[in-house]
Amino acid sequence: MARTGIITRIQNIPIAGKLAAIVVVAAIGMGVVAIARVAEIRPGEMAARKTKIRNLVEAVHGVASEYERQVKAGTMSDEQARTAALEMIQEIRYDGSQYFWINDIPAGTALEPIMMIMHPTVADLNGTDISDMKDTDGIYIFRRFVETVRSDGSGFVSYRWPKPGSDTPVPKLSYVTEFAPWGWVIGTGIYIDDVDRIVVGKRNAVMWQTGIFLAVLIGLLIPVVMLITRPIRRLTRTLLELAELQGTGKSTDARQPSGSIDARTDEVGKMLSAAKVLRTTLRAKADLEREHDQLRTRSEAEKRQAAQLLANEVRDAVASVTTRLANSVAAMLAVAADLSATTNHLSGSVRQISERVGDATSAAEAAANEAAGVTVTVAGLTSAADTIGGVIELIRGVAGQTNLLALNATIEAARAGAAGKGFGVVADEVKQLAAQSASATDDIAREVAEIQTTSQGAAGTIDRMGDIVRRLGQTTRDVAMAVDGDGGSGSGGMSVHQAAAATGEVSQRIKVASEDLAAEADRLRAQFDDLIARIMATS
1139 MARTGIITRI
1149 QNIPIAGKLA
1159 AIVVVAAIGM
1169 GVVAIARVAE
1179 IRPGEMAARK
1189 TKIRNLVEAV
1199 HGVASEYERQ
1209 VKAGTMSDEQ
1219 ARTAALEMIQ
1229 EIRYDGSQYF
1239 WINDIPAGTA
1249 LEPIMMIMHP
1259 TVADLNGTDI
1269 SDMKDTDGIY
1279 IFRRFVETVR
1289 SDGSGFVSYR
1299 WPKPGSDTPV
1309 PKLSYVTEFA
1319 PWGWVIGTGI
1329 YIDDVDRIVV
1339 GKRNAVMWQT
1349 GIFLAVLIGL
1359 LIPVVMLITR
1369 PIRRLTRTLL
1379 ELAELQGTGK
1389 STDARQPSGS
1399 IDARTDEVGK
1409 MLSAAKVLRT
1419 TLRAKADLER
1429 EHDQLRTRSE
1439 AEKRQAAQLL
1449 ANEVRDAVAS
1459 VTTRLANSVA
1469 AMLAVAADLS
1479 ATTNHLSGSV
1489 RQISERVGDA
1499 TSAAEAAANE
1509 AAGVTVTVAG
1519 LTSAADTIGG
1529 VIELIRGVAG
1539 QTNLLALNAT
1549 IEAARAGAAG
1559 KGFGVVADEV
1569 KQLAAQSASA
1579 TDDIAREVAE
1589 IQTTSQGAAG
1599 TIDRMGDIVR
1609 RLGQTTRDVA
1619 MAVDGDGGSG
1629 SGGMSVHQAA
1639 AATGEVSQRI
1649 KVASEDLAAE
1659 ADRLRAQFDD
1669 LIARIMATS
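Residue 1139 is where the sequence shown starts when you use our numbering, and the numbers rise one by one after that.
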């Protein structure tokens, strides 16, 4: 869990912080390397110096060996060889003022004196006993030299000795070796403060090198960090804008990447280009969705308006037709009842029959006029249905525009490729809207066709009713003529009976026709009520 928490915290550090951390880690690493190098300077320098003086002593040992060889070869005497070797070694210098000295090795015990054979800088020591010479730390210097060569043949000895031209002893490390043929100790040394001075110089050089390298590294990394973080911050803002655009369909940051960033061809530049394409796609998708919503709202409003207009016109027309039909039916039923009653009482009063026949004639004419009016109303209803058909064609036009918009969205989605998947989704939604609009339009068209069919059926029924009413009028006029013509004759009774029979037949026809017309009106009202309900439900 702790490791996971650390990883999470590291992941949450901004990229600039991570890059800065890399710089800090690099600086720390370089500091550690510099410290390690500094720590190795002194041991390395001491090792190099020790190797150097050992090699130099070995070289001087070779010089003495060469003169000793000449003695063996008989070209020089022992005294001449020793003198020549001492003169040569006395003149040898290295590192400016460094020199070699030679002292002897007592042949007997350690109590025998140790004589200085040659010292190039302190001539007063030459030929003197140096056995008891010791440094400020109490070390018997030359005794230590003799002990070292007797035990190991050669080796390093640390002690204190003044530098040439100075009386102050300072730490010194010398290498001594034995030249056995002549009983010499040949040695040379280095002063530790000289080594320390070299170490300090090298240490300062390392520190300066490290500091300069760090300064150059930081100077180079700061622009690199800016080159990395600036486009990433721009990409972050772009992605946040895309997220806001996806959520709300609106963008609050219209700033575009700068030209230098926009011209990049590396991975960051490709990411920015992809983000720009995605932003353009989402904006176009948002615009298309807004147009889609506006079109859907307008289409639904037009559908509701057309449906309401259709319902109002149909409701008014049906109410007018059914009311007038009901009035006509009631009048004809009343006339038929009066005719029946008059026929039953025909023997009582022929004049009364004549009056009733006149009333029947008037009622028949009124019914004929009402039938003609109803026919005109039904024709108006058919015309209203045709008008609604025009509205349907308008809605079909809107559906066609919607389908065209869906086609455009499909083309844009194909152009955008993988980034245009949003266009494809919107195109599918627009196609579904177009299909729904077309389906609803077809439903309304079918309902209007039913209205036209029903209206035509009602018109046929009313035409038939008109024929019946006209025949009724003609019959009543015949009855009236028969009553008026035969009232004073002896054969009038037979004519009256015939007229009564005819009147009864007419009354029965009126009753049947009235009932049929009332049933037709009820059926027409029920069909229109059901049609209105379905139109309102569809809208």
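Ideal Cβ placement from N, Cα and C applies to all residues, glycine included.
Close beta carbons around residue i, own chain, < 7 Å, minus the five adjacent residues each side
i	result
Pro1302	Ser1235 and Thr1259
Met1168	Thr1348, Phe1351 and Leu1352
Arg1141	none
Leu1194	Tyr1232 and Thr1326
Arg1298	Asp1273, Thr1274, Asp1275, Pro1307, Val1308, Pro1309 and Lys1310
Leu1380	Ala1413, Leu1416, Arg1417 and Leu1420
Ala1457	none
Reference residue i, options the options, closest by Cα
i	options	result
Ala1164	Gly1349, Pro1309, Trp1322 and Glu1178	Gly1349
Glu1178	Lys1340, Leu1545, Ala1353 and Met1364	Lys1340
Glu1382	Leu1420, Arg1661 and Val1362	Leu1420
Asp1654	Ile1191, Asp1334 and Gly1598	Gly1598
Ala1587	Gln1612, Lys1156, Ser1521 and Phe1238	Ser1521
Thr1092	Val1162, Ser1312 and Tyr1237	The structure shown does not extend to residue 1092, since the chain is modelled only from 1139 through 1677, so no value can be given for it.
Pro1307	Val1323, Ile1277, Glu1316 and Thr1286	Ile1277
Leu1157	Thr1435, Arg1663, Met1226 and Val1363	Val1363
Val1314	Arg1192, Glu1451 and Ala1223	Arg1192
Ile1324	Ala1223, Lys1649 and Asp1216	Ala1223
Leu1545	Gln1612, His1430 and Gly1143	His1430
Glu1427	Glu1567, Ile1153 and Glu1229	Glu1567
Ala1468	Lys1649, Ile1153 and Ala1671	Lys1649
Ala1186	Ala1656, Ala1197, Val1337 and Ile1227	Val1337
Met1184	Gly1143, Ala1472, Lys1310 and Thr1146	Lys1310
Ile1153	Pro1369, Ile1279 and Ser1304	Pro1369
Arg1534	Ala1472, Arg1553, Ser1577 and Ala1552	Ser1577
Gln1612	Ser1500, Asp1580 and Thr1591	Ser1500
Nearest-angstrom Cα separation, counted from residue j out to residue i
i	j	result
Ile1240	Met1254	7 Å
Ala1479	Gln1646	12 Å
Asn1150	Arg1375	17 Å
Arg1220	Ser1203	10 Å
Gln1443	Thr1367	58 Å
Asp1290	Ser1296	16 Å
Ile1148	Gly1155	10 Å
Ala1261	His1199	21 Å
Arg1436	Lys1569	16 Å
Pro1319	Trp1346	52 Å
Leu1433	Leu1447	21 Å
Asn1450	Ala1664	16 Å
Thr1286	Tyr1237	20 Å
Gly1182	Leu1377	58 Å
Asn1342	Val1333	14 Å
Lys1441	Leu1365	58 Å
Ala1439	Arg1453	21 Å
Glu1217	Gly1293	28 Å
Tyr1205	Phe1283	23 Å
Ala1475	Asp1660	22 Å
Arg1335	Pro1361	40 Å
Leu1373	Gly1538	41 Å
Ala1197	Ile1230	11 Å
Asn1507	Met1619	23 Å
Ile1670	Ile1549	41 Å
Gln1574	Asp1425	22 Å
Ile1144	Arg1371	24 Å
Glu1643	Arg1609	12 Å
Ile1279	Ser1304	18 Å
Asn1465	Glu1531	38 Å
Met1226	Ser1215	16 Å
Proximal residues to residue i (C-beta, below 6 Å), its chain only, five neighbours per side dropped
i	result
Glu1250	Pro1244
Val1161	Leu1359
Gln1228	Met1256 and Pro1258
Neighbourhood of residue i by C-beta distance below 8 Å, restricted to the same chain and skipping five residues each side
i	result
Trp1322	Ala1202, Ile1240, Asn1241, Asp1242, Ile1243, Ile1255 and Glu1316
Val1344	Ala1172, Arg1175, Val1176 and Ile1179
Pro1300	Thr1306, Pro1307 and Val1308
| Okay, do the segment 1328-1343 and the segment 1204-1218 touch, 3+ Cβ pairs below 8 Å being the bar? | Here the segment 1328-1343 does not lie against the segment 1204-1218, with fewer than 3 beta-carbon pairs under 8 Å apart.
| query | Is the segment 1169-1176 in contact with the segment 1256-1270, if contact means three or more CB pairs nearer than 8 Å? | reply | No: the two stretches stay apart, fewer than three of their Cβ pairs being nearer than 8 Å.
| task | Check whether the segment 1351-1371 touches the segment 1270-1280, taking contact to mean three or more Cβ pairs, one atom from each stretch, closer than 8 Å. | result | The segment 1351-1371 is not in contact with the segment 1270-1280.
| What residue ranges within the segment 1294-1370 form continuous alpha helix (DSSP H) runs of no fewer than 4 residues, ordered along the chain? | You should have found no qualifying run.
| said: List, from N- to C-terminal side, the alpha helix (DSSP H) runs of 4 residues or more that fit wholly inside the segment 1195-1254. | reply: Runs of the alpha helix (DSSP H) lying entirely within the segment 1195-1254, each at least 4 residues long, are 1216-1229 in chain order.
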